[in-house]
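Numbering-wise, the sequence shown is residues 1 to 352 according to the numbering used here.
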Amino acid sequence: MRYTKLLKKIILPVLLVCTSIISVSTPVLAKDKSDEYTFVKKDLKSGEETSMTLKHSKKDRSYVDDDESYVDEISSDYEYNDDEILDYDGNIDDLGYDDYSEILDDYYKNKDSNNVTTDSQISLFELIGRDNREIVDDTTDKPYRSICLLDIIYRDNDKKLRITHGTGFVTSDNVVVTAGHCLYRDDLDRFVEYVEVSPGYSGDYEPYGRETSRTLYVPQKFIDNHSQSYDYGVIRLNNSIGDECGNLSLSSFDKYVENDYELHTAGYPKPSDYDYQMYECYGDLDSYTSKLIRHDMDTEPGQSGSPILVEYRANKYKVIGVHGGYDTDRDINRAARVTSAMKDLIDDASES
Numbered sequence: 001m002r003y004t005k006l007l008k009k010i011i012l013p014v015l016l017v018c019t020s021i022i023s024v025s026t027p028v029l030a031k032d033k034s035d036e037y038t039f040v041k042k043d044l045k046s047g048e049e050t051s052m053t054l055k056h057s058k059k060d061r062s063y064v065d066d067d068e069s070y071v072d073e074i075s076s077d078y079e080y081n082d083d084e085i086l087d088y089d090g091n092i093d094d095l096g097y098d099d100y101s102e103i104l105d106d107y108y109k110n111k112d113s114n115n116v117t118t119d120s121q122i123s124l125f126e127l128i129g130r131d132n133r134e135i136v137d138d139t140t141d142k143p144y145r146s147i148c149l150l151d152i153i154y155r156d157n158d159k160k161l162r163i164t165h166g167t168g169f170v171t172s173d174n175v176v177v178t179a180g181h182c183l184y185r186d187d188l189d190r191f192v193e194y195v196e197v198s199p200g201y202s203g204d205y206e207p208y209g210r211e212t213s214r215t216l217y218v219p220q221k222f223i224d225n226h227s228q229s230y231d232y233g234v235i236r237l238n239n240s241i242g243d244e245c246g247n248l249s250l251s252s253f254d255k256y257v258e259n260d261y262e263l264h265t266a267g268y269p270k271p272s273d274y275d276y277q278m279y280e281c282y283g284d285l286d287s288y289t290s291k292l293i294r295h296d297m298d299t300e301p302g303q304s305g306s307p308i309l310v311e312y313r314a315n316k317y318k319v320i321g322v323h324g325g326y327d328t329d330r331d332i333n334r335a336a337r338v339t340s341a342m343k344d345l346i347d348d349a350s351e352s
């Protein structure tokens with residue numbers, strides 16, 4: 001009897017307290033929810049545009065700073081220049097997909113007489129201090145052979161065909177990555193009509209030939225908000241080209257932005273002003289978030305879509321960003337950082 005009273009007064013309360021402590025200190029793990037990313041793709045042959053959603057449960061191993069939500073909402077009002085009007089006498093509404101290739105061939109046959117100085121996507125680019133860019137002498141060397149000149153044809157609001165240029169880079173046998181605004185014109189609120197890529201292009205030299213595009217992909221957030229963080233796009237090619245020129249590998253790992261690697265970029269600034277030569281530049285990381293990189297490498301129009309590279313071992317490179325333009329709020333150049341969503345899109349495009 002005595003022990004029963006002792007049990008009720010002392011031992012049971014102690015057991016209840018211990019049980020309570022254990023239950024409080026043992027958290028219930030929440031199930032990881034898959035992130036969803038929406039992209040818009042355009043089939044260039046049919047002209048059909050469709051929305052697609054990709055899901056993945058693997059989170060980016062990326063740093064998120066205090067102003068991340070602010071950064072994701074930053075949009076750029078791209079200031080497009082007057083690009084060259086292509087010489088075509090017919091009704092452009094009657095043009096078929098294969099006609100664009102012939103028009104582009106005629107353009108290159110006469111390119112020496114094309115005195116154009118404004119064939120660029122946007123004017124939001126900046127030389128940071130002294131121009132430190134240098135011409136790439138051997139575009140068949142790594143990593144340059146995987147970097148492409150883009151020839152882009154679009155229709156303006158007056159139903160005229162215009163040509164502009166950009167930069168991209170090969171990431172798998174049949175996929176090229178570039179800036180979102182190279183593929184989707186926010187000033188016209190529509191996709192471009194046609195893109196050809198030429199890896200390692202130098203002057204009149206096409207070491208790996210040219211390849212035509214089949215499908216274009218752009219993040220829905222870029223179309224809706226012109227967000228700098230989503231200023232990237234993917235091109236699915238009609239035929240494989242990466243087995244000839246090689247692929248560049250992408251990474252979203254923090255170690256490539258945290259360990260003070262020197263940054264490197266290469267691309268095609270104002271092709272008609274620079275004789276269609278590839279230029280490169282080295283520089284430093286200014287700041288970064290999980291979706292954006294700011295850097296001080298010199299760029300000009302035409303270098304949209306250039307890879308932001310780190311050389312992590314001798315002649316071994318990782319792409320950590322896609323150059324997009326000039327961040328006027330911070331007076332520095334910026335690039336969309338490689339993310340899991342970007343890599344998922346590349347994988348989907350290469351398999352579709």
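For glycine and all other residues, C-beta sits at the position ideal for the given N, C-alpha and C.
In this model, Tyr108 and Gly168 are separated by some 19 Å (Cα to Cα). The alpha-carbon of Glu258 is positioned some 34 Å away from that of Ser202. Here the C-alpha atom of Asp204 lies approximately 19 Å from the C-alpha atom of Glu244. Nearest in C-alpha terms to Leu216, of all of Leu237, Tyr208, Tyr230 and Arg210, is Leu237. For Arg155, same chain residues with a beta-carbon under 7 Å away, outside a window of 5 residues either side, are Ile92, Leu161 and Glu193 in chain order.
About 17 Å separates the Cβ atoms of Tyr256 and Ala266, ruling out a contact at the 8 Å cut-off.
With a 10 Å radius around the Cβ and a threshold of 16 neighbouring Cβ atoms, Asp83 comes out buried. In the DSSP assignment, Ser198 falls within the beta strand (DSSP E) that extends over Tyr194 to Pro199.
DSSP, reduced to helix, strand and coil, places Phe191 within a strand of the structure shown. The three-state reading of DSSP puts His226 in coil, since its state is none of H, G, I, E or B.
Note on geometry: alpha-carbon atoms of Tyr268 and Gly302 lie some 5 Å from one another. In the three-state DSSP reduction, Tyr208 falls in the coil class, being neither helix nor strand.
DSSP places Val257 inside the alpha helix (DSSP H), whose first and last residues are Lys255 to Glu258. Of the candidates Leu250, Asp189 and Arg294, the residue whose Cα lies closest to the Cα of Gln228 is Arg294. For Asp286, the uninterrupted beta strand (DSSP E) segment begins and ends at Leu285 to Tyr288.
Counting only residues of its own chain and dropping the five nearest sequence neighbours on each side, Glu196 has a CB closer than 8 Å to the CB of Ser101, Leu104, Leu150, Asp151, Arg210, Glu211, Thr212 and Ser213. Of the candidates Tyr184, Asp35 and Glu206, the residue whose Cα lies closest to the Cα of Ser304 is Tyr184. For the 8 Å CB-CB criterion, Asp224 and Gly180 do not form a contact. Assignment of Tyr107 by DSSP, reduced to helix, strand and coil, places it in the helix class. Closest in alpha carbon position to Ile346, among Ile135, Ser249, Asp329 and Lys318, is Ser249. The secondary-structure analysis by DSSP pairs Ser46 with nothing; it has no beta-bridge partner. If you draw a 10 Å sphere on the C-beta of Gly200, you find 16 or more other C-beta atoms in it, and that means buried. Gly324 and Ala335 do touch by the CB rule: their CB atoms are close to 6 Å apart, below 8 Å.
Counting only the Cα atoms, Asp275 lies some 32 Å from Ser350. As a beta-bridge residue in DSSP terms, Glu36 pairs with Lys55. A Cβ-Cβ contact shorter than 8 Å links Leu263 with Leu309. The beta-bridge partner set that DSSP reports for Tyr268 is empty. Closest in alpha carbon position to Asp286, among Glu134, Asp141, Arg330 and Thr140, is Arg330.
Between the C-alpha atoms of Gln277 and Pro307 there is a straight-line separation of about 16 Å.
Classified as buried, Glu300 has 16 or more neighbouring CB atoms from the shown chains inside 10 Å of its CB.
DSSP lists Leu237 as the bridge partner or partners of Ser213. Closest option to Glu36, judged by alpha-carbon separation, among Lys45, Asp43, Ser51 and Lys42: Ser51. Assigned with DSSP and collapsed to three states, Ser304 falls in coil, not helix or strand.
DSSP places Gly325 within a strand segment (E or B) once states are collapsed to three.
In terms of CA proximity to Ala314, Lys142 leads the group Ile135, Lys142 and Lys55. DSSP places Ile332 in the uninterrupted beta strand (DSSP E) bounded by Ile332 to Arg337.
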